[in-house]
Amino acid sequence: MSYEIRRNLKLLLFFLLTPNLQPLTPICYGQEIRPLQEKAQYEKVLEDKVEEVLTSLLGPHQAKVMIDATIDFSRIEKINAQGKNSGGTSAGPDLSNLPGFSFAEAPRIDNQNLNQKYEKMLSYPTQFLKRMVVTVVINRSVSAEEVQRVRSVVSDLLKINPDQGDVLTVLQAPFPPVWKTIFQDPDLTKILFKYSLLSMMTFLALVVVAVCFLRIAGALSTMAKAQVHQVSMEMPNIESPRLGAPGYRELTGPGTLELPGSAREISGGEQESGERTEDAVVFGVRKDQVELLAQMLKKEEAGNVALVAAHLKPEVQHVFLDSLSSELRTQVLLKLGEVRFVEPDMILSLKDEIERRLQGAVGGIRMILEVMERAGPLEKQKILRELENRDPQMAQSVRAKILLPEDLIRLDEKEFSIFVSSVSSEDWAVALWELPQEFGDRVKSQLTEGAWKIIEQRMAIGRPPEVRIEKAQQKMMEVASSLMEAGKIHPPVASSLA
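Just so we're aligned, residue 4 is where the sequence shown starts under the working numbering, counting upward by one.
Take a look at the structure:
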């Protein structure tokens, strides 16, 4: 091994074993950076602590805390070295005296520090925190009383000591809205994005479920209509008999409209006028159920209504068609004139469904009429006014089926004269208090002058009690009902509600 190599190895070993000669640059850099990091961490902990308390007092986004702490990181380092000093040795053999060669004397290495021991002692200051400068910025919307309370709380929380140079400053400034600063916080932004994504996915899932549900409901509704309502199909190749043809009688006459009962009648050939086949399907609908049946079918197509009407009893069929509106009745009659093929099983299913619903049906205009039949004329008018306020269409239907005293003014002269003469003057003097002036004038025209003066004298005494007026009008209506039953007068057309 050459001299240069041995010398370099010795120098390397010397630098490695001697701590005082190690590079000092990284150590100095770390010693400068580490205190700054510890200072920033300490200030951050204090700021978070104070802001958490202020959030509980003022609410979120109402205060911001900034702390500048002066910290003493100085330390005293003492090093004691112990060991024996050894002499220096040459870095290589002494070749300077060799004949024919002239070399410079090799450097000598001092090995006195290789066998020494070191003791290091560190001493720190008794107080790291020298002073603090605390700045609290509060939203301008916070009241002055709350600002003073914040000042007191922060001072107690951080143990502000003015004697050692601590400074607490409380400022007020307008804060921007939360929605403007919400995206400046990365954590809050991540949370908002996460829950927004979850909400959107939930909404889309609900929309998909709703669409699927609506599609299923629509399919079920279509199937139900196809099974219950859409039970007929046209037969264009068969000539449709018209009203007056064999198998039918006109509705306008005293008889009833006869129709083929089911598909068996059509397939069995032409029937005699006014007769049904023995195996015809007849729906068990009574006359008192016609009104309920009409309400059930009022939203159905004319073809479906005609199908039901074709399987009613003759006496019920006439009442049912009369209960329909004029427009619907015309459409039903046109449908009745068309020949259809209907499956017998579908007719039986429709029959069972209608009879089942009618048996379980409760209410209807018939129930209202039964209640009003037991009420007096004045009470009937009150009921009609209440119905008019809540359901004008229902009130109109009820009004068309009851007879009130003011309706009697529509009798012709002969019938009205018979009616007026059948009521006593005493009852007229009481009943006219709740009748229109037009009614009183017509009564006056049917009486003699003396009879009318007697009524006027009775009315001049004063208005009688409400009970007497209602009782007199009730007697008047009983007289009108008896005359109608006797055929002496005809029922007048009911007036519409005002």
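A virtual CB, placed ideally from N, CA and C, is assigned to each residue, including glycine.
Count the other CB atoms within 10 Å of the CB of residue i; is the residue buried (16 or more) or exposed (fewer)?
{"i": "ARG359", "result": "exposed"}
{"i": "LEU327", "result": "buried"}
{"i": "GLU294", "result": "buried"}
{"i": "GLU55", "result": "exposed"}
{"i": "HIS321", "result": "buried"}
{"i": "PRO380", "result": "buried"}
{"i": "ASN307", "result": "buried"}
{"i": "ILE241", "result": "The predicted position of ILE241 is uncertain, since its pLDDT is 32 and thus under 50; a value taken from the coordinates is nonetheless stated next. Under this definition ILE241 is an exposed residue."}
{"i": "ARG408", "result": "Contrary to the premise, residue 408 reads as Pro rather than Arg in this sequence. That one is buried."}
{"i": "VAL470", "result": "exposed"}
{"i": "ILE492", "result": "buried"}
{"i": "PHE206", "result": "exposed"}
{"i": "LYS302", "result": "exposed"}
{"i": "PHE216", "result": "exposed"}
{"i": "ILE464", "result": "exposed"}
{"i": "LEU223", "result": "exposed"}
{"i": "LEU387", "result": "buried"}
{"i": "ILE371", "result": "buried"}
{"i": "LYS193", "result": "exposed"}
{"i": "ALA489", "result": "exposed"}
{"i": "ALA176", "result": "exposed"}
{"i": "PRO29", "result": "Reliability fails at PRO29, whose pLDDT of 47 lies under 50, so the model's placement of it is uncertain and the value that follows must be treated cautiously. Exposed: under 16 other Cβ atoms inside 10 Å."}
{"i": "ALA297", "result": "buried"}
If we call anything under 8 Å between Cβ atoms a contact, is residue i one with residue j?
{"i": "ALA398", "j": "LEU390", "result": "yes"}
{"i": "ILE141", "j": "GLN65", "result": "yes"}
{"i": "ARG134", "j": "ASP169", "result": "yes"}
{"i": "ILE472", "j": "SER428", "result": "no"}
{"i": "ILE412", "j": "GLU382", "result": "no"}
{"i": "LEU353", "j": "VAL288", "result": "no"}
{"i": "VAL53", "j": "VAL68", "result": "yes"}
{"i": "ALA432", "j": "ARG461", "result": "yes"}
{"i": "PHE422", "j": "LEU324", "result": "no"}
{"i": "PHE344", "j": "HIS314", "result": "no"}
{"i": "LEU57", "j": "VAL153", "result": "yes"}
{"i": "ALA309", "j": "LEU339", "result": "yes"}
{"i": "PHE131", "j": "ASP166", "result": "no"}
Would you grab the beta carbon distance between residue i and residue j for me? Rounded to a whole angstrom, and I think it's under 8 Å.
{"i": "VAL139", "j": "VAL157", "result": "6 Å"}
{"i": "SER425", "j": "VAL482", "result": "5 Å"}
{"i": "ALA305", "j": "VAL335", "result": "5 Å"}
{"i": "VAL173", "j": "VAL210", "result": "No, VAL173 and VAL210 are not in contact; Cβ-Cβ is about 51 Å, not under 8 Å."}
{"i": "ALA357", "j": "VAL284", "result": "Checking the sequence shown, residue 357 turns out to be Ile, not Ala. With 8 Å as the limit, ILE357 and VAL284 do not qualify as a contact, their Cβ atoms being about 11 Å apart."}
{"i": "TRP436", "j": "LYS447", "result": "With 8 Å as the limit, TRP436 and LYS447 do not qualify as a contact, their Cβ atoms being about 15 Å apart."}
Using a Cβ-Cβ cut-off of 7 Å (strictly less than) and excluding sequence neighbours within five positions of residue i, which residues of its own chain qualify?
{"i": "ALA475", "result": "ASP430, VAL433, ALA434"}
{"i": "ILE70", "result": "GLU46, LEU49, GLU50, MET135, VAL137"}
{"i": "LEU438", "result": "PRO408, GLU409"}
{"i": "PRO494", "result": "LEU406, MET487"}
{"i": "LEU201", "result": "none"}
What residues in its chain sit with their C-beta under 6 Å from that of residue i, if we drop five residues either side in the sequence?
{"i": "GLU418", "result": "ILE492"}
{"i": "ASP291", "result": "none"}
Entirely enclosed alpha helix (DSSP H) segments - the segment 321 to 403, minimum 4 residues: When DSSP assignments are scanned along the segment 321 to 403, the uninterrupted stretches of alpha helix (DSSP H) that are 4 or more residues long and fall wholly within it turn out to be 329 to 339, 347 to 363, 368 to 376, 380 to 393, 395 to 402.
Length-filtered (3 minimum) beta strand (DSSP E) runs lying within the segment 199 to 226: none
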